[in-house]
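Once you know that position 22 of the sequence shown is 22 in the numbering used here, the rest is easy, because the numbers rise by one and skip nothing. Since the structure comes first, as structure tokens, the remarks are kept for the end.
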Amino acid sequence: MYSWHFTEVPVLQIVPVPDVCNLVCVALGNLEIREIRALLCSSDGASEKQVLLTSGNIQAVLGLTKRRLVSSSGTLCDQRVEIMTFAEDGGSKEKQLLTAPQETLLTFAEVQGVQEALLGTTVMNSIVIWNLKTGQLLKKMQIGDSCQASVCHKAYSEMGLLFVVLSHPCAQESEPSGSPVFQLLAVNPKTTLSVGVMLYRLPHGQAGRFLEGDVKGNFAAAVLTSGTIAIWDLLLGQCTVLLPPISDQNWSFVKWSGADSHLLAGQKDGNIFVYLIS
């Protein structure tokens with residue numbers, strides 16, 4: 001077991017990097033990400049260390065397959081979208097710049113079904129797509145005001161269409177069907193046209209508003225400010241599980257575990273609760 005202590009700047013996000021042993025990245029900051037650090041432990045378990053990867057005004061970060069980490073930083077005038085590739089032992093190997101979209105990025109997502117494709121969402125309600133091999137920005141598509149400030153969790157490619165799972169942090173209560181939390185959107189990259197396929201709503205009468213969500217496979221999970229955790233089956237289009245609050249502390253995140261059906265829910269005081277979803 002290893003532990004790293006951050007006494008000056010709190011951890012905002014834990015960023016796993018697939019295909020790398022003995023390494024995990026963390027995003028540090030108060031309200032916004034200011035640093036990304038790599039946490040490394042030796043293969044023999046004898047030592048551990050942390051390495052500063054990047055600092056500044058960081059908008060988004062994601063661990064990618066093939067031992068890569070993508071981040072967006074800077075202002076619109078000096079925006080920098082960068083991929084860092086790690087060696088198998090966790091050491092940084094090389095860096096690659098992607099063409100900046102000139103819009104502030106909110107999130108990244110790999111596109112399942114298309115190798116070397118990366119998707120991003122922006123504050124201007126755009127979806128952008130890059131070719132990771134060349135770094136080229138392939139397409140920028142407007143998705144409309146109904147998806148304002150949406151966060152992308154997953155992207156799939158099927159028969160030439162993109163299917164994107166978004167969450168809506170700013171969603172308002174919608175009567176009588178409940179508040180929308182997630183949305184499945186179909187996008188045609190050739191025509192840039194998009195259409196909403198399905199809305200995933202909270203059951204009516206739930207206290208608290210949407211705080212954060214995560215998607216794994218066919219299931220989406222969200223934690224509310226009240227501490228309630230809701231889980232949707234994306235294929236059925238229904239909320240199938242509601243877990244009541246178990247503490248009145250402030251909540252900060254919900255995250256599916258990488259290898260099984262466990263769901264992690266964290267509070268701002270550092271407590272983490274583990275749920276087994278069967």
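Each residue gets a CB set at the ideal place from its N, CA and C atoms; glycine is no exception. Keep in mind that this is a model prediction, so the values were computed, not measured.
In terms of residues, what are the limits of the beta strand (DSSP E) holding residue i?
{"i": "Thr122", "result": "Ala117 to Thr122"}
{"i": "Glu48", "result": "Glu48 to Leu64"}
{"i": "Gln183", "result": "Pro180 to Val187"}
{"i": "Gln112", "result": "Leu105 to Gln112"}
{"i": "Ser71", "result": "Arg68 to Ser73"}
{"i": "Val195", "result": "Ser194 to Arg201"}
{"i": "Met84", "result": "Arg80 to Phe86"}
{"i": "Met159", "result": "Counting along the chain, Met159 falls outside any beta strand (DSSP E), and DSSP gives it neither H nor E."}
{"i": "Leu284", "result": "Outside the modelled stretch of the chain, which goes from 1 to 278, sits residue 284, for which no answer is possible."}
{"i": "Ala27", "result": "Leu23 to Gly29"}
{"i": "Val223", "result": "Phe219 to Leu224"}
{"i": "Gly213", "result": "Phe210 to Lys216"}
Between the options, which lies nearest to residue i when the distance is taken from Cα to Cα?
{"i": "Val123", "options": "Leu76, Glu103, Ala117 and Ile277", "result": "Glu103"}
{"i": "Ala27", "options": "Val81, Pro16 and Val20", "result": "Pro16"}
{"i": "Arg68", "options": "Pro18, Arg209 and Lys190", "result": "Pro18"}
{"i": "Thr191", "options": "Lys140, Phe219, Ser257 and Val274", "result": "Lys140"}
{"i": "Lys183", "options": "Tyr200, Gln79 and Gln267", "result": "Rather than Lys, the amino acid found at residue 183 in this sequence is Gln. Checking every option, the nearest Cα to that of Gln183 belongs to Tyr200."}
{"i": "Leu52", "options": "Ser92, Glu88 and Gly74", "result": "Ser92"}
{"i": "Val151", "options": "Gln267, Ala222, Asn271 and Asp233", "result": "Ala222"}
{"i": "Gln79", "options": "Thr65, Leu64, Gly56 and Glu94", "result": "Gly56"}
{"i": "Leu224", "options": "Asn218, Gly217, Leu242 and Gly237", "result": "Leu242"}
{"i": "Gln59", "options": "Ser226, Ser73 and Arg209", "result": "Ser73"}
Measuring only the C-alpha atoms, how far is residue i from residue j?
{"i": "Cys41", "j": "Pro10", "result": "21 Å"}
{"i": "Leu211", "j": "Ile33", "result": "17 Å"}
{"i": "Leu12", "j": "Phe6", "result": "11 Å"}
{"i": "Gly196", "j": "Lys49", "result": "45 Å"}
{"i": "Thr85", "j": "His204", "result": "45 Å"}
{"i": "Asn125", "j": "Gln142", "result": "6 Å"}
{"i": "Ile277", "j": "Ser261", "result": "5 Å"}
{"i": "Asn218", "j": "Leu23", "result": "27 Å"}
{"i": "Met159", "j": "Tyr275", "result": "36 Å"}
{"i": "Leu31", "j": "Met198", "result": "31 Å"}
{"i": "Asp89", "j": "Val81", "result": "24 Å"}
{"i": "Trp4", "j": "Ile36", "result": "14 Å"}
{"i": "Gly208", "j": "Leu166", "result": "20 Å"}
{"i": "Asp233", "j": "Glu94", "result": "39 Å"}
{"i": "Asn271", "j": "Ile14", "result": "14 Å"}
{"i": "Ser47", "j": "Leu193", "result": "52 Å"}
{"i": "Val187", "j": "Val254", "result": "27 Å"}
{"i": "Gln144", "j": "Pro101", "result": "Note on identity: in this sequence residue 144 is Gly, with Gln being the wrong assignment. Their backbone Cα atoms lie some 17 Å apart in a straight line."}
{"i": "Pro29", "j": "Ala230", "result": "Going by the sequence as given, residue 29 is Gly instead of Pro. One C-alpha to the other measures close to 27 Å."}
Tell me which residues share the same chain as residue i and place their Cβ nearer than 6 Å to its Cβ, disregarding the 5 neighbours each side in the sequence.
{"i": "Glu175", "result": "Note that Glu175 has pLDDT 48, beneath the 50 cutoff, so the model's placement of it is unreliable and the number below is only indicative. Correct list: empty, nothing qualifies."}
{"i": "Lys268", "result": "Asn250 and Ser252"}
{"i": "Glu8", "result": "none"}
{"i": "Ile83", "result": "Arg68, Val70 and Gln96"}
{"i": "Leu235", "result": "Asn218"}
Short of 8 Å in beta carbon distance, which residues of its chain neighbour residue i, apart from the five on each side in sequence? Order them along the chain.
{"i": "Ser157", "result": "Val111, Gln112, Gly113, Val114, Ala117 and Phe163"}
{"i": "Thr65", "result": "Pro18, Asp19 and Glu110"}
{"i": "Ser226", "result": "Gln206, Ala207, Gly208 and Pro245"}
{"i": "Ala87", "result": "Arg67 and Lys93"}
Using a Cβ-Cβ cut-off of 8 Å, state whether residue i counts as contacting chain C.
{"i": "Val24", "result": "The structure shown contains no chain C; it holds only a single protein chain."}
Compare the beta carbon distance of residue i and residue j with 8 Å and say whether it is the shorter of the two.
{"i": "Ala155", "j": "Leu119", "result": "yes"}
{"i": "Leu138", "j": "Thr121", "result": "no"}
{"i": "Ala38", "j": "Cys25", "result": "yes"}
{"i": "Ile129", "j": "Pro180", "result": "no"}
{"i": "Gln206", "j": "Thr228", "result": "yes"}
{"i": "His168", "j": "Ala109", "result": "no"}
{"i": "Cys239", "j": "Leu185", "result": "no"}
{"i": "Leu338", "j": "Val70", "result": "Outside the shown range of the chain (1 to 278) lies residue 338, about which nothing can therefore be said."}
What residues in its chain sit with their C-beta under 7 Å from that of residue i, if we drop five residues either side in the sequence?
{"i": "Phe273", "result": "Ile246 and Ala265"}
{"i": "Gly135", "result": "Gln96, Leu97, Leu98 and Thr99"}
{"i": "Pro244", "result": "Thr228"}
{"i": "Trp256", "result": "Asp214, Lys216, Ala221 and Leu263"}
{"i": "Gly237", "result": "Met198 and Tyr200"}
{"i": "Thr54", "result": "Ile36, Ser71 and Ser73"}
{"i": "Leu161", "result": "Ala186, Val187 and Asn188"}
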